[in-house]
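Asks:
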Amino acid sequence: MATIQALVEQSTLVIDDTMFVDLTSDTYLYQGHTYSSKPPALAAMGALVYGSLHLAGITFEKNPSLAYYLITLLTIGSTSALGLVYFWKILIEFFGASLTWASVSTFIAGARTLILPYSTVFNSHVIVGSFLLIGSYYTFQFMKFDKIHHIVYSGMLFSLAASIDTSCYIFLPFAFFLFLRQSFKSALVFTLACIPLVLFFFGTNLYSSGSLLPPTLNAPLRTSIESPFTSENLSGLASHNDLSDLSIYAYHMLLGNRGLLSHSPILFFSLIGIYNLYQNRASQRLYIDSIILLAACGIFILLAICRTNNYSGDAFGVRWFASITLFLSLPLVFIERTVRSHRNVQLAFWVVSAVSILVALLGSYRPFLPKSELVIGEPLTVDNTVLLALERFLTLSTIEGKIRTLFLAASLAFIFGVLVRRFHISQRKSHTVQSNISS
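Its first residue numbered 12, the sequence shown is counted upward by one per residue in the working numbering.
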């Protein structure tokens with residue numbers, strides 16, 4: 012927000028004279044000026060919105076809450092919604108899901124995972140996840156229709172995601188390999204499409220810090236201020252004391268108090284989907300491409316575990332994993348037959364879905380928790396943020412906050428009920444058709 016205000020009101024990346032400069036530790040000093048350590052690409056997108064709001068008289072000085080809400084809605088919220096549209100299109104156009112199951116899976120991806128809470132606050136994770144998924148859509152489009160402009164769209168979107176969140180550079184070589192499997196020419200076009208935003212990324216690093224290294228990974232920059240971040244705890248540079256600490260940290264990152272699966276239980280069914288994908292790989296045209304994208308997600312998770320030690324800070328769950336949640340939800344498309352064929356699996360699926368909605372709702376009430384509640388950099392003692400959010404909701408939330416959350420809960424429950432009903436109607440029709448064929 013500081014960079015957005017500086018870009019619009021002062022036409023600079025320097026945040027010295029913004030109202031947010033003293034509210035964050037994600038800053039550094041360079042040539043006597045304060046800068047945000049975050050890559051500026053997302054701030055530039057927010058500045059496009061804030062510029063229009065500023066002209067309309069909605070400013071951080073006069074209407075801070077309204078300005079923040081509208082910037083978040085028109086950047087994070089809208090892009091998250093667009094990502095879900097493309098998620099649905101991928102299921103229908105490339106994986107052959109039925110309309111009913113595509114709707115169920117899309118609702119799961121948006122309302123029962125980390126996507127829901129982190130679509131409500133201004134952060135990079137959901138928006139880069141949407142750009143990565145949309146880039147993958149155009150990758151699949153090229154493989155199906157062989158149109159060069161699809162490669163260009165894909166390259167621009169993958170590089171845009173990397174420009175917003177440095178960790179997403181992991182996906183560029185995997186995307187490059189997808190095109191290289193088609194032809195050297197398509198891989199070259201993809202590379203050329205990535206160059207403008209990659210140059211923008213490294214150019215802004217050089218301009219604002221005097222180094223090509225991203226400020227987020229440049230620990231010496233933090234010594235210029237009284238920053239809590241050092242090379243020992245800075246995400247991307249941190250490590251663990253021994254294998255025991257690493258194992259405990261990995262457990263809480265995946266299954267325990269901050270776990271990906273404990274905060275999005277429905278993703279357990281994605282594991283079944285991956286197994287079904289492997290079992291039916293001969294009939295899946297995009298089997299190799301799907302495995303490559305899931306492998307990129309695996310590397311992303313592995314690096315998050317091995318090169319961080321703060322569980323993504325004062326966040327609900329591990330907020331970094333919101334960047335790959337749409338990818339991790341794609342294998343749900345491969346469990347449709349399993350859910351339809353086994354009554355016990357179907358019952359478990361609906362129960363876990365309901366639990367996942369409740370967990371995501373708690374996260375949407377309090378996506379970020381007070382720093383005093385978490386022990387940063389202590390992998391042996393970390394609080395369960397689902398329980399923390401529940402405690403906050405029950406004891407500290409205002410009547411207005413409770414009403415907003417309950418209204419959202421009622422809305423999601425209604426949509427959930429409609430989708431369950433449609434699923435069972437389609438199942439009965441399918442059984443009727445099969446019976447008639449048998450007769």
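Here a beta-carbon is modelled for each residue, glycine too, at the ideal position from N, C-alpha and C.
1) Using alpha carbons as the reference points, say which of THR35, ILE103, LYS196 and VAL60 lies closest to SER48.
2) Determine the direct distance from the alpha carbon of ILE101 to that of GLN152, and round the result to whole angstroms.
3) Taking 8 Å as the cut-off, is the CB of ASP300 close to at least one heavy atom of the ligand GTP?
4) Measuring straight from C-alpha to C-alpha, what distance separates LEU53 and LEU288?
5) Does the beta-carbon of PRO342 have 16 or more other beta-carbons within 10 angstroms, so that it is buried, or is it exposed?
6) Between the segment 105-118 and the segment 19-30, do at least 3 Cβ pairs fall closer than 8 Å?
7) Going by DSSP, which residues form a beta bridge with LEU40?
8) Report all residues from its chain with a CB closer than 6 Å to the CB of GLY284; omit the five preceding and five following residues, and keep chain order.
9) Consult DSSP for PHE327 and reduce its assignment to one of helix, strand or coil.
10) Going by DSSP in three states, PHE379 sits in which element: helix, strand or coil?
11) Using only the alpha-carbon positions, how far apart do PHE71 and LEU85 sit?
12) Does the distance from the C-beta atom of ILE277 to that of ARG123 stay below 9 Å?
13) How many Å lie between ASN134 and GLY57 at the Cα?
14) Please classify PRO128: is it buried, with 16 or more other beta-carbons within 10 angstroms of its beta-carbon, or exposed?
15) Quick one: using the 10 Å Cβ neighbour count with 16 as the cut-off for buried, is TYR46 buried or exposed?
16) Pick helix, strand or coil for MET12, following the three-state DSSP scheme.
17) Could you check how far apart the C-beta atoms of ARG269 and TYR322 are, in whole angstroms? I think they sit under 8 Å.
18) How should GLN21 be labelled, buried or exposed, when 16 other C-beta atoms within 10 angstroms of its C-beta is the threshold for buried?
19) Apart from the five residues on each side of it in sequence, which residues of its chain come closer than 6 Å, Cβ to Cβ, to MET167?
20) Between the Cα of SER63 and the Cα atoms of THR319, VAL25 and GLN16, which residue gives the shortest distance?
21) Alpha carbon to alpha carbon, what distance is there between SER375 and ILE259?
22) Cβ of MET154 within 9 Å of Cβ of LEU297?
23) Assess, as a yes-or-no matter, whether the segment 347-357 is touched by the segment 413-430 under the definition of 3 or more beta carbon pairs within less than 8 Å.
24) Would you kindly work out how many angstroms separate the C-alpha atoms of ASN216 and PRO226, rounded to a whole number?
25) Taking ALA326 as the reference, give the member of VAL132, ILE138, LEU304 and LEU430 with the closest Cα.
26) Assign LEU7 to one of two classes, buried (16 or more other C-beta atoms within 10 Å of its C-beta) or exposed (fewer than that).
27) Beta carbon of LEU40, beta carbon of LEU248: below 9 Å?
28) Hey, could you find the ends of the alpha helix (DSSP H) PRO226 is sitting in?
29) To the nearest angstrom, report how far apart THR416 and SER408 are at their CA atoms.
30) Thinking C-beta only, is CYS179 closer than 9 Å to PHE169?
31) For GLY270, name the three-state secondary structure that DSSP assigns.
32) In terms of alpha-carbon separation, which member of LEU191, LEU265 and ALA173 lies closest to GLU317?
33) Enumerate in chain order the residues of its own chain whose CB-to-CB distance from PHE279 is below 8 Å, with the five nearest sequence positions on each side excluded.
34) Does the distance from the CB of PHE190 to the CB of PHE201 come in under 9 Å?
35) Can you look up VAL32 in the DSSP assignment and give me helix, strand or coil?
Replies: Walking through what the data contain:
1) THR35
2) 9 Å
3) In the structure shown, the ligand GTP is absent, as is every other ligand, since no ligand is present at all.
4) 35 Å
5) buried
6) no
7) THR45
8) PRO342, LEU343, PHE345 and ILE346
9) coil
10) strand
11) 16 Å
12) yes
13) 11 Å
14) buried
15) buried
16) coil
17) 5 Å
18) exposed
19) ALA204
20) GLN16
21) 27 Å
22) yes
23) no
24) 7 Å
25) VAL132
26) The shown model of the chain, from 12 to 450, leaves out residue 7, and the question about it has no answer.
27) no
28) Note, PRO226: premise wrong, no alpha helix (DSSP H); not H, not E.
29) 10 Å
30) yes
31) coil
32) According to the sequence shown, residue 317 is Cys rather than Glu. Among LEU191, LEU265 and ALA173, the Cα nearest to that of CYS317 belongs to LEU265.
33) LEU272 and VAL363
34) yes
35) coil
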